[in-house]
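Read the structure below first, then the notes.
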Amino acid sequence: MKQSYRLINNAERKCEAYYTMSGHDHHEHKHGFIRTYLFSLDHKMIGKQYLFLGLFFLLLAGGMAMMIRWQLMYPFDTEHPFPILGKLFFGKEMTTMPPEFYNMLFTMHGSLMIFFAVTPIVIGAFGNFIIPLQIGAPDMAFPKLNMMSFWTIFLGGVIMIASFFVKAGAAQGGWTAYAPLNSNAVNLPDLGTSLWILAIYLGGSSSLMGSINFVTTVLNMRCEGMTLTRVPLTTWGLFFTAILNILWIPVISAGLFLMLIDRTFDTNFFLAGPPAHYEGGQPLLYQHLFWGFGHPEVYILIFPVWGIVGDLLSVFSRKPAFGYEATLISMASIVCVSEVIWGHHMFTSGMSPILGHVFVILTITVSVPTAIFFLNWLCTLWGGAIRFEPPMLFALGIVFVFSIGGLTGLYLALQVADMYLHDTYFVVGHFHYTLAASVFFGAFAGIYYWFPAMFGRRLNKKWGIAHFILSFIFINCVFFSMMQMGIMGHPRRYASAEKYQFLMSSGVMEWTKFAGWSAMALGMTQIIFVVNFFGSMFFGRKSETNPWHAASLEWTVEHPIPHGNFAQAPVVFRGPHEFSSPQTEDLDRDWLTQVEPDPAT
Amino acid sequence: MFPQDVSVNGHMVDDLFWLTTALIGVTFLIIVGILIYCSFRFRERPGHKAVYRKGDTKRSTILTLIFAAVVFIGLDLNLAYFDHHAFKALLGSPPTEDEAVVIDIHAQQYQWNFRYAGADGVFGESHDDLVDKENNFFGLDRENDEAAADDLESIAEVAIPVNTPILFKITSNDVLHSFFPVNFRLKMDALPGTETWMYIEATETGTFEIACAELCGLNHYTMRAELKVMEQEDYEAWLDELAEGLADEGDDY
Chain A
37 MKQSYRLINN
47 AERKCEAYYT
57 MSGHDHHEHK
67 HGFIRTYLFS
77 LDHKMIGKQY
87 LFLGLFFLLL
97 AGGMAMMIRW
107 QLMYPFDTEH
117 PFPILGKLFF
127 GKEMTTMPPE
137 FYNMLFTMHG
147 SLMIFFAVTP
157 IVIGAFGNFI
167 IPLQIGAPDM
177 AFPKLNMMSF
187 WTIFLGGVIM
197 IASFFVKAGA
207 AQGGWTAYAP
217 LNSNAVNLPD
227 LGTSLWILAI
237 YLGGSSSLMG
247 SINFVTTVLN
257 MRCEGMTLTR
267 VPLTTWGLFF
277 TAILNILWIP
287 VISAGLFLML
297 IDRTFDTNFF
307 LAGPPAHYEG
317 GQPLLYQHLF
327 WGFGHPEVYI
337 LIFPVWGIVG
347 DLLSVFSRKP
357 AFGYEATLIS
367 MASIVCVSEV
377 IWGHHMFTSG
387 MSPILGHVFV
397 ILTITVSVPT
407 AIFFLNWLCT
417 LWGGAIRFEP
427 PMLFALGIVF
437 VFSIGGLTGL
447 YLALQVADMY
457 LHDTYFVVGH
467 FHYTLAASVF
477 FGAFAGIYYW
487 FPAMFGRRLN
497 KKWGIAHFIL
507 SFIFINCVFF
517 SMMQMGIMGH
527 PRRYASAEKY
537 QFLMSSGVME
547 WTKFAGWSAM
557 ALGMTQIIFV
567 VNFFGSMFFG
577 RKSETNPWHA
587 ASLEWTVEHP
597 IPHGNFAQAP
607 VVFRGPHEFS
617 SPQTEDLDRD
627 WLTQVEPDPA
637 T
Chain B
1098 MFPQDVSVNG
1108 HMVDDLFWLT
1118 TALIGVTFLI
1128 IVGILIYCSF
1138 RFRERPGHKA
1148 VYRKGDTKRS
1158 TILTLIFAAV
1168 VFIGLDLNLA
1178 YFDHHAFKAL
1188 LGSPPTEDEA
1198 VVIDIHAQQY
1208 QWNFRYAGAD
1218 GVFGESHDDL
1228 VDKENNFFGL
1238 DRENDEAAAD
1248 DLESIAEVAI
1258 PVNTPILFKI
1268 TSNDVLHSFF
1278 PVNFRLKMDA
1288 LPGTETWMYI
1298 EATETGTFEI
1308 ACAELCGLNH
1318 YTMRAELKVM
1328 EQEDYEAWLD
1338 ELAEGLADEG
1348 DDY
């Protein structure tokens, strides 16, 4: 305890010392290429490293999604191999996908998307880049830990990719990696699953390091005047994410560790019944450990997005965020509730009915704080002067897709409805609305919004709008069709539905084809983004300091933001959303940044 | 939409689904309605200025709390009540083993094994260490256990009498599976080492399908079984056929 106090005091002292140091703004020029771009201690560079890592895995895992949809459109159809890559993967003679390859695809799609695409972009990139800037700190509390957290997840990513090349390929047991399919080495004997466990383990360690950094930084390194209720919502979202990470990553780590020794040393934690070596194991234990982390993980990924939406709706409506404190209280209450509702993933596991009822009530309670978010978002828009810039379009898109994702969660929270819908495509559609549509729209909103602060240039607006409109249409086509397929009873993780009469006669294939082609179109749409992103990075229009007329601190420093961020320690006078305030009546603009003193009256 | 429902209680799942759809449909339309209205009415244009409102007044707080209460009571408790109501019928009142036809299920990788108690009406004891995924799906000791001697087994095909409560006892020989008789709107996991159960009652005869709903390995998607709902006499004839098959097998020893 004592030592941790000392650590935190150190962080504070470092913060003060930084600004009293002279000449620190020329600091960065002293470093060579390696210290500037690879082993950088600068939170902004680490944030960008996370961004590129995440985008790389987003493209990879997105490509896998397209292969999955292709297989389902043309199951084992030799006439329609996957374009271009089909021959490369399955040989010239055997042009169809073997079922184990299909299982590997959806397993790795899920794992890479969650742990190596969403986490690095939404938490790693935004968290590292934005938190110190928004709270007026020179850097993260522990820059070396920060660097280590990036290189740890990088190593995890390398192992993930390496696992494709071992015998029998990468993990095939689902991203949830249920025991005993994954824990009993008899079922999946090859190295892929063990490497998968190791990589997720490293990803988790990286998140832990990052989260400790986030929490310490937010609590200890806020500049003068930056009270907790003046911190922008994005930073709040990331802060709550970090708290959940710190609490629950150890739980999944424990589960994965037991699984790894079950696999390698023939222990018996998750084995019972005929395959067990000894008595006393229990496969359900894994599910409790997994969902004990797995459900908070949903909020871990969505909190930063909620924060981004709150901030962006305010900036682009030119209005203060409505009910800022109510939003914070709602977020905090979700942090508490998220930890006691994991059982709704296990309604069909034969759990006690009374326990089931408890989980039903607790789960649907989440809709109250969530409804307050929607109330606040819509009230922020109401009476505003809305600017439809690309980041705002994505933020509005999130309000739409997250309303579908959140509301369809109600079906699955109800034990009886879940008995039918569980493990069907309905669940897949639902969680893609929340985790794919909402979170990636959040990622895009953030990238379009902070791109000028990151690279000093603007992303092309027209291409941004095109990217949004096409993504919005196709993403809804894909995931709405999936929910429809789920209602028809299509179980998830099927390499083909052709064996089932009730599916083939119900027209599920038409929906599969529709979802499949929409997914192809959605994938192609992202080319617009990739071209826009890299094109604008080098050739985009140079951005002014505060292109969006925002009020928070990251828009008060000139590009390129130097190592140490602020030339002098900023002093904050007001909250982050002072738009259209009466104080600006005599000014030629409608916003007051957090650092300027009140205009003379 | 939903596949055909052939069970006594399955309609309650559909009813709950549509009730939920109605409630969240209205909520969704309100959200999208306001979203679209705001996008047109409050877009930035010359001469239009945003109002300065933070929503931190006492009035806003009270209205937010009222809104939260409306959501909790109108949406949440309402749904929880109907869920509980449906739960009591579908999952909460299982028939006793005397009232129902009991069928034992041992799932294993890519096949469903079913077992009936046979003429004596008593299941032979299942021994985990005797389970053999090729010859002895239920781990029975047919030679020494009298109750086990006449147990009837069927692979990937199960017959049940119509209008009779059926109690499935479900477990697994290897990994997790999930027993999903689609037309009965229920699903129950098969766990090695644990026995779960499900009860159904069919209202129509015909052949229906059972799917596996929990990833169980590379041929997960092929793990299909047929559920034949028959009139009582057909069902008995079907069981007799199984018994004859068992007797023939016995002659081979």
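Chains as they are written, first to last, in this note's numbering: chain A, 37 to 637; chain B, 1098 to 1350. Think of the CB as a built atom: it goes at the ideal place given N, C-alpha and C, for glycine as much as any other residue. Small disclaimer: the values here were computed from a predicted structure and weren't measured.
What's the call for residue i, buried or exposed, on a 16-neighbour Cβ count within 10 Å?
i                       : result
residue 265 of chain A  : exposed
residue 1103 of chain B : buried
residue 1115 of chain B : exposed
residue 355 of chain A  : buried
residue 58 of chain A   : With a pLDDT of only 39 at residue 58 of chain A, under the threshold of 50, the placement of this residue in the model should not be trusted, and no figure is reported.
residue 1142 of chain B : exposed
When you compare only the Cα positions, how much space is there between residue i and residue j?
i                       : j                       : result
residue 646 of chain A  : residue 495 of chain A  : Residue numbering for chain A in the displayed model covers 37 to 637; residue 646 of chain A lies beyond these limits and cannot be assessed.
residue 70 of chain A   : residue 77 of chain A   : 11 Å
residue 1352 of chain B : residue 1294 of chain B : This structure cannot settle anything about residue 1352 of chain B, because the visible part of chain B is limited to 1098 through 1350.
residue 146 of chain A  : residue 1326 of chain B : 39 Å
residue 516 of chain A  : residue 422 of chain A  : 28 Å
residue 187 of chain A  : residue 333 of chain A  : 22 Å
residue 1229 of chain B : residue 1273 of chain B : 17 Å
residue 263 of chain A  : residue 398 of chain A  : 32 Å
residue 1339 of chain B : residue 1249 of chain B : 6 Å
residue 320 of chain A  : residue 375 of chain A  : 18 Å
residue 532 of chain A  : residue 412 of chain A  : 44 Å
residue 1238 of chain B : residue 287 of chain A  : 42 Å
residue 1153 of chain B : residue 1190 of chain B : 50 Å
residue 60 of chain A   : residue 598 of chain A  : With a pLDDT of 47 at residue 60 of chain A, under the threshold of 50, the predicted position of this residue should be treated as unreliable, and no value is reported.
residue 1117 of chain B : residue 98 of chain A   : 32 Å
residue 470 of chain A  : residue 1266 of chain B : 36 Å
What residue from the options has the CA that sits closest to residue i's CA?
i                       : options                        : result
residue 279 of chain A  : A:251, A:198, A:133            : A:251
residue 428 of chain A  : B:1154, B:1111, B:1140, B:1285 : B:1140
residue 173 of chain A  : A:636, A:244, A:604            : A:604
residue 611 of chain A  : A:197, A:295, A:122, A:268     : A:268
residue 1269 of chain B : A:307, A:299, A:132            : A:307
residue 468 of chain A  : A:530, A:546, A:506, A:555     : A:555
residue 393 of chain A  : B:1176, B:1134, B:1118, B:1169 : B:1176
residue 499 of chain A  : A:571, A:437, A:107, A:512     : A:571
residue 518 of chain A  : A:492, A:140, A:553            : A:553
Please classify residue i: does DSSP put it in a helix, a strand, or coil?
i                       : result
residue 1309 of chain B : strand
residue 405 of chain A  : helix
residue 573 of chain A  : helix
residue 532 of chain A  : coil
residue 203 of chain A  : coil
residue 580 of chain A  : coil
residue 1109 of chain B : helix
residue 598 of chain A  : coil
residue 1264 of chain B : strand
residue 266 of chain A  : helix
residue 249 of chain A  : helix
residue 310 of chain A  : coil
residue 1383 of chain B : Any question about residue 1383 of chain B goes unanswered here, given that chain B covers just 1098 to 1350.
residue 1257 of chain B : strand
residue 1286 of chain B : strand
residue 1228 of chain B : coil
residue 1299 of chain B : strand
residue 1210 of chain B : strand
residue 625 of chain A  : coil
Would you mind stating whether residue i and residue j have Cβ atoms separated by less than 9 Å?
i                       : j                       : result
residue 1178 of chain B : residue 1256 of chain B : no
residue 1209 of chain B : residue 1127 of chain B : no
residue 453 of chain A  : residue 1180 of chain B : yes
residue 477 of chain A  : residue 430 of chain A  : yes
residue 1149 of chain B : residue 602 of chain A  : no
residue 167 of chain A  : residue 254 of chain A  : yes
residue 403 of chain A  : residue 379 of chain A  : no
When you compare the CB of residue i with every CB in chain C, is at least one pair closer than 9 Å?
i                      : result
residue 469 of chain A : Among the chains of the structure shown, chain C does not appear; the protein chains present are A and B.
With hydrogens ignored, establish whether the beta-carbon of residue i is closer than 8 Å to any heavy atom of the ligand MG.
i                      : result
residue 484 of chain A : The model on display carries no ligand, and the ligand MG is accordingly not part of it.
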